[in-house]
Amino acid sequence: TPVARRLVYFFNAADVSVFSRVLTENFPRPTELTGRQGQVIGFIGNLDALRIDYALLKKVALQFPDITLLLVGPLNSKEPEQTGLTRLPNVVFTGARKLEDLPALLQHMDCVLIPFLCNTLTYSIYPLKINEYLAAGKPVVSTAFSEDIRTFANCCYLAENHDDFLQQIKNALSENDPDLITTRTKVAASNTWEARIRQLAFALPFKAGI
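The numbering of the sequence shown is the working numbering, which starts it at 16 and goes up by one.
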């Protein structure tokens, strides 16, 4: 039995205030990067076995041997060890970090990744980290794992397969357009909790009488 005449769907939202500091403050180079020169490709999040494509991350590290792959977050999988990812000289695992430590790490990343597997779990994921990355103005390279992530096609580099992912990283690292940063921060601002409340307030009058 229908319970409403109209259904309004809202995407998830994120608190991006911490990450927007990347564009307004200068942070010292993290100790994890001491002695390492050149560009940095990064990931921030839970390094688990169900979502992360470790075979893809190993390909990234091997494809870009002169670039540091900085993986920030708790490691909850044996796959990095099993695949040999932990033994590659350009890969750094920081372990879990406090929220307030993340802007300094993110500021020194030249592009950031969402290297998710494409499976039944990730198919339904709306990754909050996309808005956190975008709030920092960073170029994002992501696998096309869900319909939700595809809605960000105008502001991130989506890849359909591993080879495409590697090419998109090259594209992200070579971009030189300040307007892209503006586009990303605007998208992030449209996905804050404050923005969702405004959208809800706008939609409420149309629900009268339901």
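Heads up, the beta-carbon is just placed ideally off N, CA and C, and yes, glycines get one too. Every value quoted in this text rests on a predicted model; they were computed, and no experiment measured them.
Here's the rule: buried if 16 or more other CB atoms are within 10 angstroms of the residue's CB, otherwise exposed. What is residue i?
i: R102; result: exposed
i: K93; result: exposed
i: T135; result: exposed
i: E147; result: buried
i: A168; result: exposed
How is residue i classed by DSSP in three states: helix, strand or coil?
i: A174; result: strand
i: N206; result: coil
i: F34; result: helix
i: T137; result: helix
i: N146; result: helix
i: K222; result: Only weak support exists for where K222 lies, its pLDDT of 49 falling under 50; the coordinates are left without a value.
i: L166; result: In the sequence as displayed, the identity of residue 166 is Thr instead of Leu. If DSSP states are grouped into helix, strand and coil, T166 belongs with coil.
i: D63; result: strand
i: F160; result: coil
i: N191; result: coil
i: L128; result: strand
If you drop the 5 nearest sequence neighbours on each side, which residues of the same chain put their C-beta closer than 8 angstroms to that of residue i?
i: G53; result: D81, I82 and T83
i: V75; result: I56, L84, L128, P130, F180, L181 and I184
i: T259; result: This structure leaves residue 259 out entirely; the chain is present only between 16 and 225.
Is the Cβ-Cβ distance between residue i and residue j less than 8 angstroms?
i: I164; j: I145; result: yes
i: R112; j: V87; result: yes
i: L62; j: P89; result: yes
i: S32; j: A151; result: no
i: L117; j: I59; result: yes
i: A119; j: V156; result: no
i: T72; j: L100; result: The question names Thr, but residue 72 is Leu in the sequence shown. Yes, these two residues count as a Cβ contact at 8 angstroms.
In its own chain, which residues sit with a C-beta less than 7 angstroms from the C-beta of residue i, not counting the 5 before and 5 after it?
i: N105; result: A76, P80, I82, T83 and L84
Who are the near neighbours of residue i in its chain, counting only those whose CB is closer than 6 angstroms to its CB and skipping five residues on each side?
i: T16; result: Low per-residue confidence applies at T16: pLDDT is 46, beneath 50, and the placement is therefore not dependable enough to give any value.
i: Q122; result: V37 and F42
i: N91; result: D63
Let's see if you can read the secondary structure: which residues bound the beta strand (DSSP E) around residue i?
i: I56; result: V55 to I59
i: T109; result: V106 to G110
Which residue marks the beginning of the alpha helix (DSSP H) containing residue i, and which one marks its end?
i: L84; result: Taken as a continuous stretch (DSSP letters only), L84 belongs to no alpha helix (DSSP H), being part of the beta strand (DSSP E) at T83 to V87.
i: L77; result: Y69 to Q78
i: L121; result: L117 to Q122
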